[in-house]
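A.B. asks:
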Amino acid sequence: MKKALIFCLIFMSSVPGFCQRLSKADYLADLQYLKDTLPKRHINLYAKIPKADFDKKIDEIGSRLSSPDYETFTVELFKLVVAIGDEHTHIEPVFTKIAPVRFNKFTEGIYVTATDSANADILLYKLTGVNGHPITDVISRFKEIIQSENLSFFDSRFLHFINNPAMLKGLRLSGSIDETTFDLTSPDGKTIKRVIRSVNGNDAANLTLVSKNKLTSQQSKGNYWYTYDPQSGTLYFNYNNCQEQDGRPFAKFNDSLFNVIDNNKPKRLIVDLRDNDGGNSGVLTPFAERITKSYLNTDGKFFVLIGKQTFSSALMNAVEFKRNTNAILLGQPTSGTVNHYGEVRGFNLPHTKIAIGYSTHYWENWKGYDGPLRPDVPIAYSVKNYAKGVDEALVYADSAK
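Each step along the sequence shown adds one to the number in full-length UniProt numbering, with nothing skipped, and position 170 is 170.
(1) What are the uninterrupted segments assigned as alpha helix (DSSP H) that are 4 or more residues long and contained completely in the region 117 to 144, given in chain order?
(2) Tell me the rounded alpha-carbon separation between residue 374 and residue 123.
(3) Rounding to the nearest angstrom, what Cα-Cα distance links residue 224 and residue 277 in this structure?
(4) Which same chain residues, not among the five before or five after residue 327, have their C-beta less than 8 Å away from its C-beta?
(5) Using beta-carbon positions only, say whether residue 325 and residue 354 come within less than 9 Å of one another.
(6) Looking at C-beta atoms only, is the number of pairs between the region 240 to 248 and the region 198 to 215 that lie closer than 8 Å three or more?
(7) In terms of alpha-carbon separation, which member of 280, 67, 37 lies closest to residue 24?
(8) What are the start and end residues of the alpha helix (DSSP H) that includes residue 58?
(9) May I have the straight-line CA-CA distance separating residue 368 from residue 178, to the nearest angstrom?
(10) Is the beta carbon of residue 196 less than 9 Å from the beta carbon of residue 115?
(11) List the residues that DSSP assigns as beta-bridge partners of residue 175.
(12) So for residue 83, helix, strand or coil by DSSP?
(13) Within a Cβ cutoff of 6 Å, which residues of the same chain sit near residue 388, ignoring the five residues on either side of it in sequence?
(14) What are the start and end residues of the beta strand (DSSP E) that includes residue 295?
(15) Please list, in chain order, all residues of the same chain as residue 48 whose beta carbon is under 6 Å from its beta carbon, the five residues on each side excluded.
(16) Name the one or two DSSP bridge partners that residue 269 has.
(17) With DSSP as the reference, label residue 14 as helix, strand or coil.
(18) Helix, strand or coil: which one does DSSP assign to residue 46?
(19) Which complete alpha helix (DSSP H) runs does the region 333 to 401 hold, if anything under 4 residues is left out?
(20) Name, in chain order, the residues that DSSP records as bridge partners for residue 181.
(21) Helix, strand or coil: which one does DSSP assign to residue 160?
(22) For residue 218, name the three-state secondary structure that DSSP assigns.
(23) In three-state DSSP terms, what is residue 212?
(24) What separation, rounded to the nearest whole angstrom, lies between the Cα atoms of residue 406 and residue 252?
(25) Do residue 402 and residue 268 have their CB atoms nearer than 9 Å?
(26) Between which two residues does the alpha helix (DSSP H) containing residue 319 stretch?
(27) For residue 308, does the three-state DSSP call read helix, strand or coil?
(28) Can you tell me whether residue 138 is buried or exposed, with buried defined as 16 or more other CB within 10 angstroms of its CB?
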């Protein structure tokens, strides 16, 4: 059966920025609307939180809104989502400012991996604090608003929001959404404080930033692409979005991929799902059907890379490979749990216009399996190798005979 995760969170054409003043009555009305609406639409809202506890938390949020602002209200809703405990039920606030910097987590810590040209000198500096708050304190506060039982889920969301000044303000880690001071340590041990001005936008991933990244997996070539190295005999297939690509149907792409396999007889195939956070799991079905009949569906010839971004439909694809092929899974545990609520629909709160995503289906992808999908071979990623353009997962797969 085709399994799809469909997002239909539609924002109104006119939404309030953070500067628009909403009254306490507006926030309380939105909270009441959420309390009335979410239980009716979610397939099983009380799976992990009893109704009495849900109602109590809503009431507690209302009692804390003495002098509410958008950022504080947003953080309160995030805390509520943590209590609900459904990884697909979430909120999408209307963010208007973002710090033009991105971070990634390695074995040595959290490091700057992209920024604007004005701050290019801090690339590969280690993050040690935000606005004077030690990184341990920052992480602790984010655990109040992001589920942390699954470390991959927490890490992926934390790295997504650490550059968001509205979230930092709502967590009382910052007093302004216009700038953020990051405490950093250079590769030679020098400590600095760098003030980075916010720019218009809602996600640093959508900004054109400077990076030293030379990893094959981070090349931007669309939703799906491949490269073949005749010298090593490795066919690398990057699948980073479970969506059909405009102008390049997956069926045609799949035919091209298997033409390479038929004509070149590669020694190994690597499918990279590490940066894929979902969409429609059915898009990959033509590939899954053909790879099971291929000579590459052999232990030591077929590798699937998973990681902290692998979520939802991409996770479901990885589960299918694990259960129905001879693929070896490399990487880190997925951010998504194997059996989960999903297939998201959404509605907007009437005053703040915050979008609420809620689950409408339960996917039992592997009966009895508990937690995230775990790799057969765990891979640790070092910032030192990253700086050299070395991808440890690809190195492992390429060394297979």
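Even for Gly, the Cβ is constructed at its ideal location relative to N, Cα and C.
Remember, it's a predicted structure, so these values are computed and weren't measured experimentally.
C.D. replies: Once the coordinates are examined:
(1) 135 to 142
(2) 31 Å
(3) 13 Å
(4) 271, 297, 302, 303, 304, 321
(5) no
(6) no
(7) 67
(8) 51 to 64
(9) 48 Å
(10) yes
(11) The partner list for residue 175 (beta bridge, DSSP) is empty, contrary to what the question assumes.
(12) helix
(13) none
(14) No beta strand (DSSP E) contains residue 295, which DSSP labels as neither H nor E.
(15) 85
(16) 235, 302
(17) Confidence at residue 14 is low in this model, with a pLDDT of 36, below 50, so the placement of that residue should be treated as unreliable; the coordinate-derived value is given next. Residue state, collapsed to three classes: coil.
(18) helix
(19) 383 to 388, 392 to 398
(20) 195
(21) helix
(22) helix
(23) coil
(24) The structure shown does not extend to residue 406, since the chain is modelled only from 1 through 401, so no value can be given for it.
(25) Nothing in the structure corresponds to residue 402, since the chain is present only between 1 and 401.
(26) 313 to 324
(27) coil
(28) buried
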